[in-house]
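Colleague: Letter by letter, the sequence shown follows residues 22 to 394 of our numbering.
Have a look at this one.
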Amino acid sequence: MTSIKQNQGENTPLRALGLMSGTSLDGIDAAIIETDGIEVFTHGPVRSTPYEPEFRAQLREVLGKDAAPDGLITDFTKAQAEFVLALLAANNLSPADIDLIGFHGQTIFHDPANRLTVQMGDGALMAELTGIDTVAEFRHADVAAGGEGAPFAPLYHRALATELEGPLAVLNLGGVGNVTYIDGETVLAFDTGPANALLDDWVLTHTGQPFDEGGKIAAAGLVNEVVLATLLDNPYFDQRPPKSLDRDEFPVAAAINGLGLEEGAATLLHFTSESLRRALAHLPGKPARWLLTGGGRKNPALVQAIEAVVQVPVEPVEAVGWRGDDLEAEAFAFLAVRSVRGLPLSLPTTTGVPEPMTGGQFYPAPSKKRVSA
22 MTSIKQNQGE NTPLRALGLM SGTSLDGIDA AIIETDGIEV FTHGPVRSTP
72 YEPEFRAQLR EVLGKDAAPD GLITDFTKAQ AEFVLALLAA NNLSPADIDL
122 IGFHGQTIFH DPANRLTVQM GDGALMAELT GIDTVAEFRH ADVAAGGEGA
172 PFAPLYHRAL ATELEGPLAV LNLGGVGNVT YIDGETVLAF DTGPANALLD
222 DWVLTHTGQP FDEGGKIAAA GLVNEVVLAT LLDNPYFDQR PPKSLDRDEF
272 PVAAAINGLG LEEGAATLLH FTSESLRRAL AHLPGKPARW LLTGGGRKNP
322 ALVQAIEAVV QVPVEPVEAV GWRGDDLEAE AFAFLAVRSV RGLPLSLPTT
372 TGVPEPMTGG QFYPAPSKKR VSA
């Protein structure tokens, strides 16, 4: 296989495998694409697996902390490396068939105001265990330069949307919500507010289930308008983008304690949709179409609430042929290729970084024989 070093200055497409573990802590997603970092030529195999409840609980314990125990970092990386090898084996592929891994890691702490973001994971260990060159630490350079470090998928959204009519909004409903507004050469992105994380945590606490499947619990409840108004009284929503959020940035416990299961779920679901109403004021135009990705697109109650807010067609990204369950993993495969080719991963209009910014740390697989460029 041609080495990354040989390919780095060329436009030859690379086969890249992206890994994503999102703030919803639902599990690991992996996806393979072929790209030159500008266009996406093929979409290859994908694989997802949920975390075991015990491991998810370990991850929850380090959320909000600026460091994780070495043992947990190692276990997390090993689990993802094993997942990579299982994906390859299931599709009759070997490590030699993959040029590059984009290893996002797990965000446990995000404080761009103090130029700090922490994605748990060991890129060097990933490269060693898989035998595949790896890019990790995607967000660090952006944050160090004064950017928000999030959202980081907008340039991938733009690459996929070249044939779609604008203005277009891509709304990712993961743990945190973020929107990418695309209209010709204009790309604006920012975190809109909560998405699934607060509702997931509420349902987990009250039922032991990791999320509100199908939005049935929230749909059965009535919104507490007083509590909702309290939640929306937050200066974040008036802040001009680009801007980003940590998963647990909204302290909701004091406001929602005392609500019943269904009332609390309905109120938190509408907190997400009403956060989006606040976000509309920051867009340069009115999107003619909204495409939803992330786990929240599978919640009919949430989708209905969003439709009531935006008043234009709302569809899952599958409506235009994108793979919603795999989009974030694909994005970090795409960004890994951009990283090794020195292309920007973020823009002033996506993260507020002062200038288009590349990033990512490259970890060569130690078993490969390297040829100088």
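The beta carbon of each residue, even a glycine, is placed where N, CA and C say it ideally should be.
Quick caveat, the model's predicted, so the values are computed rather than measured.
1) I believe T213 touches P175 by the beta-carbon criterion, under 8 Å. Please report the beta-carbon distance rounded to the nearest angstrom.
2) Given a threshold of 16 other Cβ atoms within 10 Å of its Cβ, counted over all protein chains shown, does R318 qualify as buried or as exposed?
3) Here's a check: name, in chain order, each residue in its chain whose Cβ is nearer than 6 Å to the Cβ of T288, leaving out the five neighbours to either side.
4) Our contact map puts V139 next to D87 with C-beta atoms below 8 Å; I'd like the distance itself, whole angstroms only.
5) Between G242 and E284, what straight-line distance do the alpha-carbon atoms span, to the nearest angstrom?
6) Going by Cα to Cα distance, which pick from I59, T56, Y72 and A52 is closest to G65?
7) Evaluate T371 with the Cβ neighbour count: other Cβ atoms within 10 Å of its Cβ, from every protein chain shown; 16 or more gives buried, anything less gives exposed.
8) Can you tell me which of the three DSSP states N193 falls into?
9) Quick check on DSSP: helix, strand or coil for R36?
10) Grouping DSSP H, G and I as helix and E and B as strand, with all else coil, what is F353?
11) How many Å lie between I203 and P188 at the Cα?
12) One question on the structure: do P369 and V333 come within less than 8 Å of each other, judged by their Cβ atoms?
13) Figure out for me which residue from L280, S367, G235 and F383 has the closest Cα to the Cα of L323.
14) Helix, strand or coil, according to DSSP, for H161 in the structure here?
15) Along the chain, where does the beta strand (DSSP E) containing F104 start, and where does it finish?
16) For the beta strand (DSSP E) that contains R68, what are its first and last residues?
17) Please specify which runs of the beta strand (DSSP E), each continuous and at least 3 residues long, are wholly inside the region 312-364, giving them in chain order.
18) Which residue wins for smallest C-alpha separation from H303, given the options R261, S69, E295 and A326?
19) Quick check: the Cα distance between R77 and P71, rounded to an integer number of angstroms?
20) Since R310 and V330 are thought to touch, with beta carbons under 8 Å apart, how far apart are those beta carbons, to the nearest angstrom?
21) Whether or not the region 223-231 and the region 348-357 are in contact is what I'm after, with contact meaning three or more pairs of Cβ atoms, one per stretch, closer than 8 Å; do they touch?
22) Can you list, in chain order, the residues of its chain with a C-beta nearer than 6 Å to that of L150? Leave out the 5 residues immediately preceding and following it.
23) Figure out for me which residue from P365, V361, V374 and Q382 has the closest Cα to the Cα of R36.
24) Can you give the Cα-Cα distance for P321 and P133, rounded to whole angstroms?
25) Per the contact definition of three or more C-beta pairs closer than 8 Å, is the region 155-173 in contact with the region 373-385?
26) Looking only at C-alpha atoms, which of A218, P365 and P387 sits nearest to F173?
Modeller: In brief:
1) Wrong, their Cβ atoms sit about 13 Å apart, outside the cutoff.
2) Buried, because 16 or more other Cβ atoms sit within 10 Å of the Cβ of R318.
3) V244, N245, V248 and L249
4) Between V139 and D87 the beta-carbon gap is near 6 Å, inside 8 Å, which marks them as a contact.
5) Cα to Cα, the separation comes out at about 5 Å.
6) A52
7) buried
8) Residue state for N193 is assigned as strand, using DSSP reduced to three classes.
9) strand
10) helix
11) 6 Å
12) no
13) G235
14) It is helical.
15) In the DSSP assignment, F104 falls outside any beta strand (DSSP E) and lies within the alpha helix (DSSP H) extending over D91 to A111.
16) V61 to P71
17) 335-337
18) R261
19) If I take the Cα positions, the gap works out to 9 Å.
20) 14 Å between Cβ atoms; not a contact.
21) The region 348-357 vs the region 223-231: no contact.
22) A102
23) V361
24) 33 Å
25) yes
26) P365
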